[in-house]
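>
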Amino acid sequence: MATSQINPQLIHLLLDQKTINLQDPPTTKALPGKYVKSILKNKKSLSPIIEENFQMLTCKSCGRKGKYDVGLVVVNIDKKTKTENISDNIQTTGYFRCKHCNNAGDWELPDSLLMQSMISALPIMDGISKKSMIGKNLLFDGSWHRYTTDAEEHLLNLLKENPKDSYLWNRLGNLYHKGNRPELAVSVFEHSILIDPAQVESQFTLGDMLAQISDLPNAGYHFRQMLLCAEGYKKMPAVNLREMLAIGLQLLFMMDDHTNGEVAFLPTLDELKASGRKDVPVNFSEIDLEIFPDEIDSFFPIAEMYMGTRAKEIPMRQRTFNLTTTSKDSLEQKKKKVKKKKKRK
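Quick note, the sequence shown lines up with residues 1 to 345 if you use full-length UniProt numbering.
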């Protein structure tokens, strides 16, 4: 019977070292989290970050073959680090473990994969969609790992020392997300916001994943929490933070429109009170804003408002929000105008 390809140490850490049998390969039932089942059920509705790339690999631990999604093949041709064997310079982004013994990181690579990696080095392939590329895949701390399971092991070791570090949990979630294992990713993202609800990147990705499977109420909640926690989030450059918030706002706007306001576009009064933020009870009906649903930039002013003092880190010429007030129509009327403009296009 095929395993669920889950690292037992992950379950051990997610369950806060509660008693589990690490000898038995865990199943998806062991993954904690509110959204794991719905993500698994609707996995085909999720757009993979990296295109699937199935290859037949042989596990050197048990000698058995299987087809695995290796993701993007990244070839390091840096003369300082490369070896004579090209396979030693290959990285893969897919997250996979042996279907038979659940071991990871010790594989016999097929000729087809090696051929892919060599083709990526050809100049004639520039600009052509392909499943391999030249470069290096590094973690946030600059470390290089051959397989995603090696990178996972590195992050799990860091988390053993710092189990309450929500940013490390987010990095691990990103690893699974890019590795096309959304069920692992969503469990880890949920864990990161249990540790720290102000983990803005996890709130954003949860919102995005849930929106893709049409769980709009929960998606909207996480996007609004992202907005409320933005000012205190220091792990991203301000310009990048604004971009992420604007994408979330765009999706919130679309959900509000699609549900006729059942999914709120902006944090509700109760959510504002619960957050403790007193700097954003601005009456939007008095702010001269023009929103174009198809243009991310039009959401920048609102994003900057929720960024609070962090917006001051954006170069002055690039800032878009000011408190020039007018007696214009209400936000609801503005949204109707936006819809009319959209229809006339």
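Don't be surprised by glycine CBs; every beta carbon is placed ideally from N, CA and C.
May I ask you to list the residues that DSSP assigns as paired with Leu55?
As a working note, residue 55 is residue 55 in the sequence shown. According to the sequence as given, residue 55 is Gln; it is not Leu. In DSSP, Gln55 forms a bridge with Tyr68.
> Could you check whether the region 258-271 touches the region 231-239, counting it as contact only if at least three pairs of C-beta atoms, one from each stretch, sit closer than 8 Å?
With a cut-off of 8 Å, the region 231-239 and the region 258-271 do not count as touching, because too few Cβ pairs lie within range.
> The ligand HEM and Leu13: does the residue's C-beta get closer than 7 Å to at least one heavy atom of that ligand?
With respect to the ligand HEM, the structure offers nothing, as it holds no ligand at all.
> Which ranges would you report for the alpha helix (DSSP H) in the region 268-309 if only whole runs of at least 4 residues count?
The region 268-309 contains these whole alpha helix (DSSP H) runs: 269-275 and 300-307.
> DSSP has Leu108 in a bridge; who is on the other side?
As a first step, residue 108 must be located in the sequence shown, where it is residue number 108. Per the sequence presented here, residue 108 reads as Glu, with Leu not at that position. Its beta-bridge partners are Thr58.
> Please report the Cβ distance between Ile291 and Phe253, rounded to the nearest whole angstrom; I am assuming they are in contact, meaning their Cβ atoms lie under 8 Å.
Locating residue 291 in the sequence shown gives position 291, where the first residue counts as 1. Locating residue 253 in the sequence shown gives position 253, where the first residue counts as 1. At roughly 7 Å, the Cβ-Cβ gap stays under 8 Å, so Ile291 and Phe253 are in contact.
> Among Lys160, Lys130, His154 and Leu289, which residue has its Cα nearest to the Cα of His12?
Along the sequence shown, read from residue 1 onward, the residue named residue 12 stands at position 12. Answer by Cα proximity: Lys160.
> Specify the secondary structure class of Ser166 as computed by DSSP and reduced to three states.
Walking along the sequence shown from the start, residue 166 turns up at place 166. Residue state, collapsed to three classes: helix.
> So what's Ile6 in DSSP terms, helix, strand or just coil?
Locating residue 6 in the sequence shown gives position 6, where the first residue counts as 1. It is coil, neither helix nor strand.
> According to DSSP, is Ile11 helix, strand or coil?
Sequence index remark: in the sequence shown, residue 11 carries index 11 (1-based). Reduced to three states, the DSSP call for Ile11 is helix.
> Skipping 5 residues on each side, what residues in its chain have a beta carbon closer than 6 Å to that of residue 357?
Past the boundaries of the shown model lies residue 357; the chain is included only from 1 to 345, so the question cannot be answered.
> Would you mind sorting Ser327 into buried or exposed? The rule is 16 or more other CB atoms within 10 Å of its CB.
Stepping through the sequence shown from its first residue, residue 327 is reached at position 327. Low per-residue confidence applies at Ser327: pLDDT is 36, beneath 50, and the placement is therefore not dependable, though the value from the model is reported in the following sentence. So Ser327 counts as exposed.
> Nearest to Ile49 by CA position, among Arg181, Ser202 and Gly207, is which residue?
Here residue 49 is taken as the residue at index 49 of the sequence shown, counted from 1. Selected option, being the one with the closest Cα: Arg181.
> When you compare the CB positions of Ser192 and Trp169, do they come within less than 8 Å of one another, or not?
For the purposes of this step, residue 192 is taken as residue 192 along the sequence shown, with counting starting at 1. For the purposes of this step, residue 169 is taken as residue 169 along the sequence shown, with counting starting at 1. A contact, by the Cβ cut-off of 8 Å.
> Rounded to a whole number of angstroms, what is the C-alpha to C-alpha distance between Met118 and Pro293?
Counting from 1 along the sequence shown, the entry for residue 118 is found at position 118. Counting from 1 along the sequence shown, the entry for residue 293 is found at position 293. Rounded to the nearest angstrom, the two C-alpha atoms are 43 Å apart.
> For a test of the three-state rule: what should DSSP assign to Gln250, helix, strand or coil?
Taking the sequence shown and counting its residues from 1, one reaches residue 250 at position 250. Three-state DSSP puts Gln250 in a helix.
> In the DSSP output, what is Ile134 paired with across the bridge?
Locating residue 134 in the sequence shown gives position 134, counting from the first residue. Val75.
> Check Ile90 in the structure and name its three-state DSSP category.
As a position in the sequence shown, residue 90 is number 90, starting the count at 1. Note: Ile90 maps to strand in three-state DSSP.
> Are there 16 or more other CB atoms within 10 angstroms of the CB of Arg224, so buried, or fewer, so exposed?
One-based indexing of the sequence shown puts residue 224 at position 224. So Arg224 counts as buried.
> Quick one: Cα of Leu245 to Cα of Tyr167, how far?
One-based indexing of the sequence shown puts residue 245 at position 245. One-based indexing of the sequence shown puts residue 167 at position 167. One C-alpha to the other measures close to 18 Å.
> For Asp16, collect the residues of the same chain with a Cβ closer than 6 Å to its Cβ; drop the 5 residues on either side in sequence, then sort them by chain order.
The residue labelled residue 16 in the question sits at position 16 within the sequence shown. Contacts found: none.
> Are there 16 or more other CB atoms within 10 angstroms of the CB of Gln318, so buried, or fewer, so exposed?
Position 318 of the sequence shown, counted from the start, is the residue given in the question as residue 318. Exposed is the call here.
> Apart from the five residues just before and just after Glu271, which ones in its own chain have a Cβ nearer than 7 Å to its Cβ?
Walking along the sequence shown from the start, residue 271 turns up at place 271. For Glu271, where only same-chain residues beyond five positions count, the Cβ hits under 7 Å are Arg224 and Leu228.
> Please say whether Lys37 and Phe54 have beta carbons closer to each other than 8 Å?
Locating residue 54 in the sequence shown gives position 54, counting from the first residue. Locating residue 37 in the sequence shown gives position 37, counting from the first residue. For Phe54 and Lys37, no; Cβs fall outside 8 Å.
> Check the C-beta distance from Lys99 over to Gln5 and give it rounded, since I have them as a contact under 8 Å.
For the purposes of this step, residue 99 is taken as residue 99 along the sequence shown, with counting starting at 1. For the purposes of this step, residue 5 is taken as residue 5 along the sequence shown, with counting starting at 1. Going by Cβ atoms, the distance from Lys99 to Gln5 rounds to 7 Å, so yes, they are a contact pair.
> Would you give the residue range spanned by the alpha helix (DSSP H) that residue 353 belongs to?
No statement about residue 353 is possible, as the shown extent of the chain runs from 1 to 345 and does not include it.
> In its own chain, which residues sit with a C-beta less than 8 Å from the C-beta of Asp78, not counting the 5 before and 5 after it?
The residue labelled residue 78 in the question sits at position 78 within the sequence shown. If we look at Asp78 and ignore the five residues flanking it on each side, its Cβ neighbours are Lys136.
> For Val280 and Leu210, what's the separation of their Cα atoms in angstroms?
For the purposes of this step, residue 280 is identified with residue 280 of the sequence shown, where counting begins at 1. For the purposes of this step, residue 210 is identified with residue 210 of the sequence shown, where counting begins at 1. So the two alpha carbons sit approximately 26 Å from each other.
> Have a look at Lys41 and Ser61 and give me their C-alpha separation to the nearest angstrom.
For the purposes of this step, residue 41 is identified with residue 41 of the sequence shown, where counting begins at 1. For the purposes of this step, residue 61 is identified with residue 61 of the sequence shown, where counting begins at 1. Their backbone Cα atoms lie some 31 Å apart in a straight line.
> Determine the contact status of Leu113 and Val75, defining contact as a CB-CB distance below 8 Å.
Numbered from 1 along the sequence shown, position 113 holds the residue referred to as residue 113. Numbered from 1 along the sequence shown, position 75 holds the residue referred to as residue 75. The answer is no: Cβ separation not under 8 Å.
> Taking Cβ positions, are Leu172 and Leu194 nearer each other than 8 Å?
The sequence position of residue 172 within the sequence shown is 172, counting from 1. The sequence position of residue 194 within the sequence shown is 194, counting from 1. Against a cut-off of 8 Å, the Cβ pair of Leu194 and Leu172 comes out as no contact.
> When you compare only the Cα positions, how much space is there between Pro8 and Asn157?
Here residue 8 corresponds to residue number 8 of the sequence shown, with the count starting at 1. Here residue 157 corresponds to residue number 157 of the sequence shown, with the count starting at 1. The straight-line gap from Cα to Cα measures roughly 13 Å.
> With a threshold of 7 Å on Cβ separation, who are the neighbours of Thr309 within its own chain once the five nearest residues in sequence on each side are excluded?
Indexing the sequence shown from 1 puts residue 309 at position 309. Correct list, in chain order: Glu231.
> Determine the burial state of Ser45: buried for a count of at least 16 other Cβ atoms within 10 Å of its Cβ, exposed for fewer.
Your numbering for residue 45 matches position 45 in the sequence shown. That one is exposed.
> Rounded to whole angstroms, how far is the Cβ of Thr148 from the Cβ of Leu175, which I believe are closer than 8 Å?
The sequence position of residue 148 within the sequence shown is 148, counting from 1. The sequence position of residue 175 within the sequence shown is 175, counting from 1. About 6 Å separates the two Cβ atoms, so the contact holds.
> How long is the line joining the alpha carbons of Leu139 and Leu109, rounded to whole angstroms?
In the sequence shown, residue 139 corresponds to position 139, counting from 1. In the sequence shown, residue 109 corresponds to position 109, counting from 1. Answer to the nearest angstrom: the Cα atoms are 23 Å apart.
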